[in-house]
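Below you'll find the structure, written out as structure tokens, and then a few comments.
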Amino acid sequence: MRFKSLFKNQTFFLFVVILLLSIAAGLINPRFFTLQNFLSILKQSSVLGILSMSMALLLISGSIDLSIGAMMGLGAVISCTMVMSGFNIVLAILAGFFTPVVGSLVNGVIVSWNKSVPPLIITLGMSFVYSGLSLVVSGGQFLSMRGKFYFLGGGEVGGIPVPVIVLVVIVTAVHVLLKYTKYGRRVVAMGGNEELAFLSGIETRRYEVFNFLISGCLVGLASMVLVSRLGSVVAGVGSGYELRALAAAIIGGVTFEGGRGTVFGTLLGVLLLGVISNGMNILNVSSYYQDVVSGLIIVVAVIVSSIGAWSR
Amino acid sequence: MVDDADPNNREEPLLRTEGIVKTFPGVEALSDVSFSLYPGEVHSVVGENGAGKSTFIKILSGALQPDSGTIYSDAQEFSHLDPHKSQDLGIQVIYQENILVPSMSVAENIFVGHEKTGSFGLINYNRTIQEAKELIDSLGINLDPKTKVEQLGVVDKQFVKVLKAIALESRVIIMDEPVAALPPEDTEKILTLVRDLKRKGISVIYISHKLEDVLGISDRITVLKDGELVNVHDLSEEEVGEDLISREMVGRPVEKFYKREKSEIGDVLFRVEELRRFKSSPTVDLEVREGEILGIAGLANAGRTELVRTIFGAENYEKGKFEYKGKRVKIFSPKDAISTGIGLIPEDRRVSGLASGLSVSENITIADLDKLGNFFLDLDQEKEFVQKHVDQLEIKTPHLEQEVRFLSGGNQQKVVLARWLFANVDLLIFDEPTRGIDVNTKAEIYKIMHGLAKEGKAIIMVSSEMPELISMSDRVLVMKEDSVVAELTGEDITEEEIVSHAV
Chain A
1 MRFKSLFKNQ
11 TFFLFVVILL
21 LSIAAGLINP
31 RFFTLQNFLS
41 ILKQSSVLGI
51 LSMSMALLLI
61 SGSIDLSIGA
71 MMGLGAVISC
81 TMVMSGFNIV
91 LAILAGFFTP
101 VVGSLVNGVI
111 VSWNKSVPPL
121 IITLGMSFVY
131 SGLSLVVSGG
141 QFLSMRGKFY
151 FLGGGEVGGI
161 PVPVIVLVVI
171 VTAVHVLLKY
181 TKYGRRVVAM
191 GGNEELAFLS
201 GIETRRYEVF
211 NFLISGCLVG
221 LASMVLVSRL
231 GSVVAGVGSG
241 YELRALAAAI
251 IGGVTFEGGR
261 GTVFGTLLGV
271 LLLGVISNGM
281 NILNVSSYYQ
291 DVVSGLIIVV
301 AVIVSSIGAW
311 SR
Chain B
313 MVDDADPNNR
323 EEPLLRTEGI
333 VKTFPGVEAL
343 SDVSFSLYPG
353 EVHSVVGENG
363 AGKSTFIKIL
373 SGALQPDSGT
383 IYSDAQEFSH
393 LDPHKSQDLG
403 IQVIYQENIL
413 VPSMSVAENI
423 FVGHEKTGSF
433 GLINYNRTIQ
443 EAKELIDSLG
453 INLDPKTKVE
463 QLGVVDKQFV
473 KVLKAIALES
483 RVIIMDEPVA
493 ALPPEDTEKI
503 LTLVRDLKRK
513 GISVIYISHK
523 LEDVLGISDR
533 ITVLKDGELV
543 NVHDLSEEEV
553 GEDLISREMV
563 GRPVEKFYKR
573 EKSEIGDVLF
583 RVEELRRFKS
593 SPTVDLEVRE
603 GEILGIAGLA
613 NAGRTELVRT
623 IFGAENYEKG
633 KFEYKGKRVK
643 IFSPKDAIST
653 GIGLIPEDRR
663 VSGLASGLSV
673 SENITIADLD
683 KLGNFFLDLD
693 QEKEFVQKHV
703 DQLEIKTPHL
713 EQEVRFLSGG
723 NQQKVVLARW
733 LFANVDLLIF
743 DEPTRGIDVN
753 TKAEIYKIMH
763 GLAKEGKAII
773 MVSSEMPELI
783 SMSDRVLVMK
793 EDSVVAELTG
803 EDITEEEIVS
813 HAV
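Chains as they are written, first to last, in our numbering: chain A, 1 to 312; chain B, 313 to 815.
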């Protein structure tokens, strides 16, 4: 990358914003600048981070799934319910993981089969189905893993939290997939112009379904990290996550039109949200105000970075 | 400027510019351009891509400010205009892009922004439709004011844009390439419209690559080259031909007909037998040989694009057999066609030829990624391949990672072409190979096509441009209502022959 275009680069811009916010938070409360706190920001961002990778993958391919939050919640609820009903823990985890995989596959089949209704609408509808199913399965009860399955969300390897390691592995994997594989290149082209992709010999429907399947695996993983971190859940645990994942991806330079954006940009979007919420916690901002402030920062960040994109 | 030499003889110009200069970093887009427009005059501005036409229009519409120079209108002097000022002076630009609301009716679209209201400031629909109808009738066009714009064809949409401009009481209508995407029959409708506007006393600044049209409707023609004014021709005073104008545009003599030396024609490469798109449609048979350029002529709705898209596997069909190098092949998708060895360069680059937000590299290699690895891509090898094709076709791009939307139309077309060279296909289907491309690049594309034929590749070329069909084709099939009605070879490939079969 040429030096001149660095300043117009959205990812770079985002990095600067995160740096400035961190410095501001650190100046007010030095406790922000501790290794412990950085690891905790990363740890808190891990579930959203994995989920955002699924969102970015779909957006870049020209699609979207608004039910990933609900599916993640459903996976967690199913795992807990099974543990509480006395099922084997491995079985419970597998069931919880594969629930979003299957759900996502269903979404992908409907979306690719029906070309006249946009995926936004279809997956919005499906999100009600999945969150409704969570209520049905849980019966509205507070569910717990009974202290089992701690490692994925709460364990550490060499001082580094396991969910952080998982996040790093997933981000790298999705980056490699999009940038260095034939599959990824085709998915990006599909997002850039579906008709062109079709005329270039890409079986767009098959790729779309497969992309939803990959997305489902990421959601399943996020679901298991979540349930392991929290240890106990209620039916609505995943709600709102899809919109935060969408915000993170858009902040990171992924667009609704598809074909554009990077995995690392999305990760920075996730970190921005993480830094904001952690910073406000450390500065003792009331949690009621936190949503207002983070919402405003998202809007400002998106506007400013889109000005950068125009001025090219 | 010469055109004001005898001001007593003529009325005052409606709009006049003097010594307009506009520079962008590194380029002088316009240097010292003077221009005048009289009431009821059709004044065309011609020039190659990059000659400064768009910049000049933007200065008149107030979208850009000149560095120096003066604009005169209504006995007032302006150093620059802004969009508001420009509209107040009665200047309206009809852009290619859609500025209409698809879900609203023709009448509603015409009066958007200055709705016809009745009591309580509510919209009076009867008045809206009535006044729209009067406007439509005054131009002698056939258009129902109640029709939704989304149901209209391309030409009718252009009409609505012009009507909208007239409703704003425009005195100057600027039309920027209004026929670039239109088939010949529809072009005539637009030209008639321009003449009707003139009759109503509205002045038109007409921008087009099609010199034949320009000569047919203009009172005067201004020729720009590299931002400089080359000449202003007054058609009432001098006899001007296409060759003179194109020579002035390019700065050297240009042949209207590309002189192609025919290459050696070999065996049959590809054969289509009894292809039937629907149960009720006629069957089509065709064959194309190695080294041959097969032209397909016909009117816009003759089924030419549909035929080539079907051959390429992009459309469903009822029945049909395909033979490639003497062997039966199955083609049910573009994937099948590509692996057989067929490539398609579609009619509309922006819609189906390119992913405009992706890089030059990505656009070139997308149809044959298998060449770059089984699972992982070899990016170094990709760069090497792409650079080779970029050099070979002389694609002008600052670097290989440039997004293709920043390239000119001609270079974009070369990127699409490079895709199929990279995929190494033997049969190339061009659908309107030079639509919207300037004279120089056109000649380059012809040269490339000729070179491909010489290498023994087969080419099918759908075209609406007679000179192109006549000078490039070894053989021409004329299509009408989804069937091939005539096959012309050698001396028989003439405009008269083609037209007589096509209509």
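For glycine and all other residues, C-beta sits at the position ideal for the given N, C-alpha and C.
Asked                                                                                                                                                                                     : Found
What's the C-alpha gap between B/Tyr636 and A/Glu194?                                                                                                                                     : 28 Å
Contact criterion: CB-CB distance below 9 Å. Does B/Val663 meet it with respect to chain A?                                                                                               : yes
For B/Glu635, write down the residues that DSSP places opposite it in a beta bridge.                                                                                                      : B/Arg583 and B/Arg640
Of the choices B/Gly362, B/Ser343, B/Ser664 and B/His426, whose alpha-carbon is the least far from that of B/Leu719?                                                                      : B/Gly362
List, in chain order, every chain B residue whose beta-carbon is nearer than 8 Å to that of A/Arg205.                                                                                     : Chain B residues near A/Arg205: none, gap ~11 Å exceeds 8 Å.
Distance cutoff 9 Å, beta carbons only. Does B/Glu462 sit that close to anything in chain A?                                                                                              : no
Taking the C-alpha atoms as reference points, what is the distance between A/Ser79 and A/Gly158?                                                                                          : 28 Å
Mind checking if A/Lys115 is an interface residue toward chain B, Cβ cutoff 9 Å exclusive?                                                                                                : no
Can you find a C-beta in chain C that's less than 9 Å from the C-beta of B/Ile650?                                                                                                        : The structure shown contains no chain C; the protein chains it does contain are A and B.
So A/Ile93 is in the alpha helix (DSSP H); what residue range does that whole segment cover?                                                                                              : Ile89 to Trp113
Please confirm if A/Phe256 has its CB atom under 9 Å from at least one CB of chain B.                                                                                                     : no
Taking C-beta pairs closer than 7 Å, name the residues in chain B that A/Val209 reaches, listed in chain order.                                                                           : Those within 7 Å of A/Val209 in chain B number zero; the least Cβ separation is about 16 Å.
So B/Glu706 is in the beta strand (DSSP E); what residue range does that whole segment cover?                                                                                             : It is not in any beta strand (DSSP E) - B/Glu706 carries neither H nor E in the DSSP assignment.
Under 8 Å by Cβ, that's how I've got B/Thr534 and B/Val357 pegged, so tell me the actual separation to the nearest angstrom.                                                              : 5 Å
For the structure I just gave you, are there three or more beta carbon pairs, one from the segment 696 to 715 of chain B and one from the segment 733 to 740 of chain B, closer than 8 Å? : yes
Where does the unbroken alpha helix (DSSP H) through B/Val467 begin, and where does it stop?                                                                                              : Val466 to Ala479
Less than 8 Å between the CB of B/Met784 and some heavy atom of the ligand HEM, yes or no?                                                                                                : Inclusion of the ligand HEM in the displayed structure is not the case, the ligand content being empty and no account of it being possible.
Which of the residues in the segment 668 to 685 of chain B, read from start to end, lie with their CB under 9 Å from any CB of chain A?                                                   : Ser668, Gly669, Leu670, Glu674, Asn675, Thr677, Ile678, Ala679, Asp680, Leu681, Asp682, Leu684 and Gly685
Strictly below 8 Å CB to CB, what residues from chain A border B/Leu647?                                                                                                                  : As written in the sequence, residue 647 of chain B is Lys, which differs from the Leu given in the question. Per Cβ cutoff of 8 Å: Gly201, Ile202 and Glu203.
Using a Cβ cut-off of 7 Å, pull out every chain B residue sitting near A/Leu196, in sequence order please.                                                                                : Ser664, Gly665, Leu666 and Ala667
Indicate whether at least one CB of chain B lies closer than 9 Å to the CB of A/Ala189.                                                                                                   : yes
For the pair the segment 756 to 771 of chain B and the segment 793 to 804 of chain B, tell me if three or more CB-CB distances fall below 8 Å.                                            : no
Give every residue of the same chain whose Cβ lies closer than 7 Å to the Cβ of B/Leu562, excluding the five residues on either side of it in the sequence, and list them in chain order. : Reading off the sequence, residue 562 of chain B comes out as Val, not Leu. Glu360, Val751 and Asn752, listed in sequence order.
Once DSSP output is grouped into helix, strand and coil, what is the label at B/Asp316?                                                                                                   : Annotation note: pLDDT 44 at B/Asp316 (below 50); position unreliable, coordinate value reported separately. In this structure, B/Asp316 counts as coil in the three-state DSSP scheme.
Whose C-beta lies closer than 7 Å to the C-beta of B/Asp508 among residues of the same chain, with five residues either side of it excluded?                                              : Leu451 and Gly452
Can you tell me the Cα-Cα spacing of B/Arg532 and B/Ser385, whole angstroms?                                                                                                              : 19 Å
List the residues of chain B that A/Thr181 touches, going by C-beta distances under 9 Å, in chain order.                                                                                  : Gly685, Phe687, Phe688 and Leu689
From what residue to what residue does the alpha helix (DSSP H) around A/Tyr150 run?                                                                                                      : Premise fails: A/Tyr150 is in no alpha helix (DSSP H) and is neither H nor E.
DSSP state of B/Gln388, grouped into three classes?                                                                                                                                       : strand
Compare the Cα-Cα distances from A/Leu94 to each of A/Ile41, A/Tyr241, A/Val233 and A/Val227 and report the closest residue.                                                              : A/Val227
How would you call A/Thr34, buried or exposed, if buried means at least 16 neighbouring beta carbons within 10 angstroms?                                                                 : exposed
What does a CB cutoff of less than 7 Å around B/Arg439 pick up in its chain, not counting 5 residues either side in sequence?                                                             : Lys428 and Gly430
Could you check where the alpha helix (DSSP H) with B/Glu599 kicks off and where it finishes?                                                                                             : Looking at the DSSP string, B/Glu599 is not in any alpha helix (DSSP H); the run it does join, the beta strand (DSSP E), is Val596 to Arg601.
Taking 9 Å as the CB-CB cut-off, is B/Ala730 touching chain A?                                                                                                                            : no
Indicate the three-state DSSP secondary structure (helix, strand or coil) for B/Gly359 in the structure shown.                                                                            : coil
Tell me whether B/Gly748 sits in a helix, a strand or coil according to DSSP, three-state version.                                                                                        : coil
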